[in-house]
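Structure record follows, encoded as structure tokens.
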Amino acid sequence: MTKLILGKDVAAEIYEELRERIEFLKSKGITPGLAVVLVGDDPASQVYVRKKGEMCEELGMKSLTVRMPAETTQEQLMAKVDELNKDSSIHGFLVQLPLPKHLDEEAVINAIDPSKDVDCFHPSNVGRVLIGNPDFLPATPAGVQQMLIRSGVETSGKHVVVIGRSNIVGKPMAAMMVQKGAGADSTVSIVHSRTKNLPEITRQADILIVAIGKPRFVTPDMVKEGAVVIDVGTNRIEDPTHPKGSRLVGDVDFDNVKDKTSAITPVPGGVGPMTICMLMANAVKAAETASGVRL
Ligand code: GUN
Numbered sequence: 047m048t049k050l051i052l053g054k055d056v057a058a059e060i061y062e063e064l065r066e067r068i069e070f071l072k073s074k075g076i077t078p079g080l081a082v083v084l085v086g087d088d089p090a091s092q093v094y095v096r097k098k099g100e101m102c103e104e105l106g107m108k109s110l111t112v113r114m115p116a117e118t119t120q121e122q123l124m125a126k127v128d129e130l131n132k133d134s135s136i137h138g139f140l141v142q143l144p145l146p147k148h149l150d151e152e153a154v155i156n157a158i159d160p161s162k163d164v165d166c167f168h169p170s171n172v173g174r175v176l177i178g179n180p181d182f183l184p185a186t187p188a189g190v191q192q193m194l195i196r197s198g199v200e201t202s203g204k205h206v207v208v209i210g211r212s213n214i215v216g217k218p219m220a221a222m223m224v225q226k227g228a229g230a231d232s233t234v235s236i237v238h239s240r241t242k243n244l245p246e247i248t249r250q251a252d253i254l255i256v257a258i259g260k261p262r263f264v265t266p267d268m269v270k271e272g273a274v275v276i277d278v279g280t281n282r283i284e285d286p287t288h289p290k291g292s293r294l295v296g297d298v299d300f301d302n303v304k305d306k307t308s309a310i311t312p313v314p315g316g317v318g319p320m321t322i323c324m325l326m327a328n329a330v331k332a333a334e335t336a337s338g339v340r341l
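Using our numbering, you'd call the opening residue of the sequence shown number 47 and step up by one each time.
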């Protein structure tokens, strides 16, 4: 029987733990504060930013959403980053990506105080993940790792194949799974759009983590019988039979792959809810570290 790993259930468990840590911080006079900066009016970004703010408030954290117009200059955005770096009521913040094309994302990320970088995008935090001494973990890979740990998937000595090499998911995911410790200790391969004989490699995976951004890219011939498949993809495809005219599918051809796996994440309902959850975990951690107050 295939097990469905549902992000909502795993996230609910983590939120319970976060609530206790937040209560404790608040009992000592510290309210964890998270700020999100949104430049412009990208529709998908607006949805993500709204959800982050709502979750902060639901958890009793301080939430600040900074909306800046699409014409914002680099100098104005850098000034905002500087202001948030200095604001002691804001323990963590992020600048929602992508930014409008005229803005330099790398310069913005580099300007964020690493101790407030809850996205874990600053090079010093990325480096700490690589050497196995992280302050923060990037939200989506951390969410995937928690799903594996909390659904009892053995990772030690297993072959993890990561499909995709983005800075946000593929590369940090691989770096985390190769570390020593719980939910890791894996043998790791990364494959990507230029890999030769990709299915030959993915068929060796005990755990296949897919983040390549191509709808239903992974087909049954690419998956070993009994593998665990984690689908990080969210792609909107046209579907005239749907009320909206479109629907979300993952990077895995779920309907055809599912029966071959021992466990799989659906889209939607799989990894999705974990990203905001782990972002909140980073914000709580930032508040604990800054204040020295920890349950
Ligand atoms: N855009 C898509 N995902 C993310 C994320 O995790 N953080 C930020 N800042 N922007 C994003």
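We treat Cβ as the ideally placed atom computed from N, Cα and C, and that holds for glycine.
Proximity below 8 angstroms, CB of residue i to CB of residue j
i           : j           : result
residue 236 : residue 278 : no
residue 332 : residue 162 : yes
residue 164 : residue 341 : no
residue 149 : residue 123 : yes
residue 232 : residue 201 : yes
residue 91  : residue 80  : no
residue 309 : residue 51  : yes
residue 168 : residue 177 : no
residue 315 : residue 54  : yes
residue 224 : residue 215 : no
residue 116 : residue 86  : yes
residue 160 : residue 330 : no
residue 219 : residue 317 : no
residue 344 : residue 153 : Look at the range of the chain in this structure, 47 to 341, and you will see that residue 344 is not part of it.
Inter-residue CB distance, residue i and residue j (contact presumed, cutoff 8 angstroms)
i           : j           : result
residue 274 : residue 252 : 7 angstroms
residue 248 : residue 268 : 5 angstroms
residue 166 : residue 183 : 6 angstroms
residue 108 : residue 82  : Not quite, the Cβ-Cβ distance comes to about 12 angstroms (not below 8 angstroms), so this is no contact.
residue 195 : residue 228 : 6 angstroms
residue 258 : residue 297 : 5 angstroms
residue 295 : residue 281 : 5 angstroms
residue 306 : residue 271 : 6 angstroms
Closer than 7 angstroms: residue i CB and nearest the ligand GUN heavy atom
i           : result
residue 285 : no
residue 87  : no
residue 321 : yes
residue 258 : no
residue 185 : yes
residue 143 : yes
residue 177 : no
residue 136 : no
residue 76  : no
residue 123 : no
residue 214 : yes
residue 341 : no
residue 140 : yes
residue 165 : yes
Per DSSP, cross-strand counterpart(s) of residue i
i           : result
residue 233 : 205
residue 79  : 108
residue 163 : 139
residue 39  : Since the first and last residues shown for the chain are 47 and 341, residue 39 lies out of range.
residue 308 : Beta-bridge pairing links residue 308 to no other residue.
residue 281 : 295
residue 50  : 310
residue 113 : 84
residue 276 : 255
CB contact check: residue i to chain D, cutoff 8 angstroms
i           : result
residue 239 : Although the question refers to chain D, the structure presented lacks it and comprises just one protein chain.
**Report entry** Whole runs of the alpha helix (DSSP H) within the region 169-202, excluding any shorter than 4 residues
**Finding:** Qualifying alpha helix (DSSP H) stretches, in chain order: 169-177 and 185-196.
**Report entry** Complete beta strand (DSSP E) runs within the region 220-274 (minimum length 3 residues, chain order)
**Finding:** Taking only runs of at least 3 residues, the beta strand (DSSP E) segments lying wholly in the region 220-274 are 233-237 and 253-256.
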